[in-house]
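**Student:**
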Amino acid sequence: MPYHSTFKIRNAIRHIKAGDVIAYPTEAVYGLGCDPLNEAAVRTLLDIKQRPIEKGLILIASSLAQLRPYLILDKTILEHIQPTWPGPVTWSVPARPWVPEWLTGAHKTLAVRVTNHPIASQLCAHYGGPLVSTSANPSTQPAIKDSRKLLKTFAALDIFILHGKVGGLNQETAIYDAVSGKRLR
C-alpha cells in the first residue's frame, strides 16, 4: 500500500478511536462505520442513517479471527461461512450473550462479513478489529457509490471520508442465515 494510503488509513483509525463515524468504500457502496463497542458512536451512526436500533447492524472484518469473540460458531456454521470469505457475502450468525443490543437490534444474531474490498479490509486490519458497516445513506434514500454525492449528502455533518473506489457489485451484499444457509436479503 502506498505511503499516502497508509497515512489515510491511520487518519481514519484516529477518527474511529476518537468515537467518530467515518465513511469508506466497500464492495458495492460507500459505508458508514465506527467502533462497534462504542455505544455513543453507534447511536450517532444510527441517527445519521435514520435507522431504527431494532434492525441491527453489520460488522465487517479483515479476518474471521476478528469476528470470533462476537459469535457462537459450530461446525455447520463454519461450513457455510468459510467458503464465502473473504468476499461480499454477509452472514447472520448467533451472537454471544455479551454482544450489545445496539449491534444485534431485536435479534439474537449478528450480521458479519469478512470483506474482500482492499480499503475496507486494510482499515479493519490496521484497526485490529471489526467495524460497523452500513450503507452511507439515509434509510429512505438510495445507497451512495460516488464520493461527490457522499460529500453533498453529508456536507452538514463532521464525517471523515476515506476516499477510494467502490467495488464492482451492482447491489448491496447478500445476507444469509448461517444456521440454515437460507438467503435473507
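First residue of the sequence shown: 10, per our numbering; consecutive thereafter.
Even for Gly, the Cβ is constructed at its ideal location relative to N, Cα and C.
1. Could you tell me whether the stretch 57-68 touches the stretch 81-93, using the rule of 3 or more Cβ pairs below 8 Å?
2. Thinking A21 and L171 are a contact (beta carbons under 8 Å), I'd like their distance in whole angstroms, please.
3. With H, G and I counted as helix, E and B as strand and the rest as coil, what does DSSP make of A183?
4. Exposed or buried, what is S144 when buried is set at 16 or more other beta-carbons lying within 10 Å of its beta-carbon?
5. Taking all protein chains shown into account, do 16 or more other C-beta atoms lie within 10 angstroms of the C-beta of Y12, making it buried, or fewer, making it exposed?
6. In the DSSP assignment, find the unbroken beta strand (DSSP E) run with S14 in it and report its ends.
7. Buried or exposed for Q131, please, with buried defined as at least 16 other CB atoms from any protein chain shown within 10 angstroms of its CB.
8. Please classify D29: is it buried, with 16 or more other beta-carbons within 10 angstroms of its beta-carbon, or exposed?
**Tutor:** Per the coordinate set shown:
1. no
2. The residue you call residue 21 lines up with position 12 of the sequence shown. The residue you call residue 171 lines up with position 162 of the sequence shown. Correct: roughly 5 Å between the Cβ atoms.
3. Here the question's residue 183 lines up with position 174 in the sequence shown. Note: A183 maps to strand in three-state DSSP.
4. By one-based count along the sequence shown, residue 144 stands at place 135. It counts as buried.
5. As a working mapping, residue 12 is identified with position 3 in the sequence shown. A caution first: Y12 carries a pLDDT of 46, below 50, which makes its placement in the model too unreliable to give a value.
6. The residue labelled residue 14 in the question sits at position 5 within the sequence shown. S14 -> not in any beta strand (DSSP E); alpha helix (DSSP H) instead, spanning 12-26.
7. Position 122 of the sequence shown, counting from 1, holds the residue named residue 131. So Q131 counts as buried.
8. The count along the sequence shown starts at 1 and reaches residue 29 at position 20. When all chains shown are included, D29 counts as buried.
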